[in-house]
Amino acid sequence: MQPRRTPSPESRAPLSRERVLRTAVALADEAGIEALTMRELGLRLGVEAMSLYNHVPNKDAVLDGMVDLLVEQVQLPPDDAPWREAILGRALGARRVVSAHPWAPRLVAARSTTSPAILGYMDGIVGAFQSAGFSNQLTHDATHLISSRVVGFAQDIFDPGLIPPEGAALWTAALRSGAYPRLAASLEGVTHDDEREFVFGLELILDGLERARDVGARGGD
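The sequence shown lines up with residues 1 to 221 when you count with my numbering.
Structure representation (structure tokens):
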């Protein structure tokens, strides 16, 4: 039987819905979303799990609130920003939040249809495309494409610091062996910058979408 945690002075402060949600986010950051239970959340706050129900009706409400809390952290461009700046700014803001909370994409995907914050975020993206003359169909396709870029890039980020020393040694030895000359040569002078690479790919996507819009406006000639 695990000993009960001793509540900190902060955990004895009056509960509120916001404190419950922020503690839930911190718990997920520390231990993963799978570790989030009402009992564990109560322990973190220094209260019985039943006390939480005075502020959130159930765990689903906690998860929904966490999604809204994260989306509200996305820094948004001005409402009157040019359409490309508006899309890029929203995508960059979302990427930064997702990068800070790696568990978030799965939770957002599961609860996106019930989150006012997500619906508001998507409404802004749709508005930016429509203000630039995109058709409903192209706006729909483009919105999914941008969302895939944000979530997919966050999942595919390569962090050399996470490679164990033995793996790094094998990688270096393989490149120096001469068996992969083109790969080895391609790394000379290359620097790795996640945000630059994200923007580079997104700019290419926006270029393609702009061409598709212009072709559609000309009737597909």
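All C-beta atoms, glycine included, are put in the ideal place defined by N, C-alpha and C.
query                                                                                                                                                             : result
Considering only the beta carbon of each residue, do residue 115 and residue 60 sit closer than 9 Å?                                                              : no
Using 8 Å for Cβ pairs, my map puts residue 36 next to residue 27. What's the rounded Cβ distance?                                                                : 6 Å
If residue 62 and residue 98 are in contact, beta carbons under 8 Å, what's the gap, nearest whole angstrom?                                                      : With 8 Å as the limit, residue 62 and residue 98 do not qualify as a contact, their Cβ atoms being about 19 Å apart.
Should residue 100 be counted as a contact of the ligand GTP given a C-beta to heavy atom distance under 8 Å?                                                     : By its list of ligands, the structure shown contains no ligand whatsoever, and the ligand GTP lies outside what it can speak to.
Assuming residue 34 and residue 42 form a contact by the criterion Cβ under 8 Å, report the distance between their Cβ atoms to the nearest whole angstrom.        : Incorrect: roughly 17 Å between the Cβ atoms, too far for contact.
When you compare only the Cα positions, how much space is there between residue 150 and residue 179?                                                              : 35 Å
Is it the case that the Cβ atoms of residue 81 and residue 89 are separated by a distance below 9 Å?                                                              : yes
Do residue 100 and residue 146 have their CB atoms nearer than 9 Å?                                                                                               : no
Using the C-alpha atoms, what's the distance from residue 144 back to residue 205?                                                                                : 12 Å
For residue 134, does the three-state DSSP call read helix, strand or coil?                                                                                       : coil
For residue 88, report the span of its alpha helix (DSSP H) as first-last.                                                                                        : 83-100
Grouping DSSP H, G and I as helix and E and B as strand, with all else coil, what is residue 165?                                                                 : helix
Taking contact to mean 3 or more Cβ pairs, one atom from each stretch, closer than 8 Å, check whether the stretch 196-213 and the stretch 132-142 are in contact. : yes
Output the distance between the C-alpha atoms of residue 134 and residue 217, rounded to the nearest integer angstrom.                                            : 9 Å
Just the Cα atoms here: how many angstroms apart are residue 169 and residue 118?                                                                                 : 43 Å
Starting from residue 61, follow the alpha helix (DSSP H) in both directions and report where the run begins and ends.                                            : 59-71
In or out: residue 187 buried (at least 16 other Cβ within 10 Å) or exposed?                                                                                      : exposed
Going straight from the alpha carbon of residue 136 to that of residue 107, what length do you get?                                                               : 27 Å
Just to confirm, are residue 25 and residue 66 a CB contact at a threshold of 9 Å?                                                                                : yes
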